[in-house]
Each structure stands twice: as C-alpha cells, then as structure tokens.
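Just so we're aligned, residue 8 is where the sequence shown starts under my numbering, counting upward by one.
Have a look at the structure below before the remarks.
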Amino acid sequence: WLCLVEAWEPAARKGVWPRPRVVRPLGEEEEAATGVSRELEVSVFGPASEIVEAAMIRTRRWIAAHSPQEEAGIERLEVYWGGEESLNSASSYEYNLTFSSPTARVSAESAFGVVYALESFVQLTQERSSAVHIHDWPAKKHRGLLVDVARHFLPLGLLRRTIAAMAVTKLNVLHLHLTDSQSFPVLLDSAPELAMKGAFSAKQTYTPTQLKRL
C-alpha cells in the first residue's frame, strides 16, 4: 500500500497504467504528439457534470504545472460523453482516447469513463508518447483497496493522497476498516464515549463530516 502512495508518479511515467486493453499506434498521416501545450483548449460535448468538470480542472492544472513552456504538440482536447453518472456495480468505465496533435479526443458513455480517459491522457503526456488510439475498459468490476485505520490510524491528508493514487491506477473502491478491538476512532454524536475511550488518542479520530467529505 505504501508503494501505491509513494510511487504512483514514477509508475505513471512508464506509460498508461493499468495496461489498456487496446493500444493502436496511429499511422504516418497522424502527426506525432510529443507534448501538450500549456494553453490547452478544452471543449466538452455533453451535459453539464460536476464529475467531468472536476476531472477537467485537475487535467488542466496538471498540464499548466508540468508541461514544458515550449511544448505545442497537442493544442486542443475534445471530450464527448453520453451523460451517464449513476455509480453502482454496473457503471461503465469504458472509454476511447485518441492522443494526437493538434487535437486529442476522448469519448465515453459515462462520467467515470471520462475520468479514466483523462488519467490516461495525463500519463501519455508524462511519457511524451507518440500518437496512439486507446480503447479501454476494466477487467473487473470491483477494483478496491482496503486500508485498516482501526489498527493503524492514518491522518486525513494521507488518506486523500491514497485516493489520488487510486485514481491514477484506476481503482474504484476504497474500503476503510474503521473500527476493531484495537481502536474506535469514529467520533459519533450518538455515542461520543466510544471514541473518547476507544481511540488511540483524542487527536486520532474522524468525524462523520470528515469521512463524508473524504
């Protein structure tokens, strides 16, 4: 688990992770996409979505912070999506990504497919990839990580980093093992004495509001 949190950036630079189902190099008629402009223009074709918008903001921020000033390979990113936002075991994470200059394109039925496509887009940018087309979808519906905070308390900042690492590696379920005989770190309004007497210390607790935001 620590390797996931500490090493997700170097791992991403080795290419798209996990390995996509289909990767097809584009022909010579496509210009090689060796970089992405810091002034990347983004267009979304589909209904308004907080999930898609948040993913776009993260992508633009990463490009603005990490793309070399002189890069101008990909100048535009077009995102086409079908409007599906329901999150359940049947949710689609499938996407198509065309990484080529001057315009890269993403298509997906769901907002979660868009999120995965943009993660792959950033990873290709880190690799300075040549032009490729990717068609990908998960092999398993449940792609989770268990974190035992009952036995080993972790601060919220580290849990947020864990979620960021999960996004890069395209995991979709975070299971927090919150309580056990070793500790009870959840500060419940209905039974505050459980955490007062059961937590490792008064500072090593979570409130329901904090967990909801997480």
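Cβ coordinates follow ideal geometry from the N, Cα and C atoms, glycine included.
Given a length threshold of 3 residues, each whole run of the beta strand (DSSP E) inside the region 95-147 is given here in chain order: 102-106, 110-117 and 139-143. Taking C-beta atoms as the reference points, Val-113 and Val-86 count as a pair closer than 7 Å.
With distances taken between CA atoms, Thr-132 lies nearest to Trp-69 out of Ala-157, Trp-69 and Glu-101. Beta-bridge partners of Phe-52 (DSSP): Tyr-87. At least 7 Å separates the beta-carbon of Asp-187 from that of Ala-206.
In the three-state reduction of the DSSP assignment, Arg-167 falls in the helix class, which pools H, G and I. Classified as exposed, Gly-90 has fewer than 16 neighbouring CB atoms from the shown chains inside 10 Å of its CB. Secondary structure at Arg-150: coil, using DSSP grouped into helix, strand and coil. Around the C-beta of Met-63, 16 or more other C-beta atoms lie within 10 Å, and the residue is accordingly described as buried.
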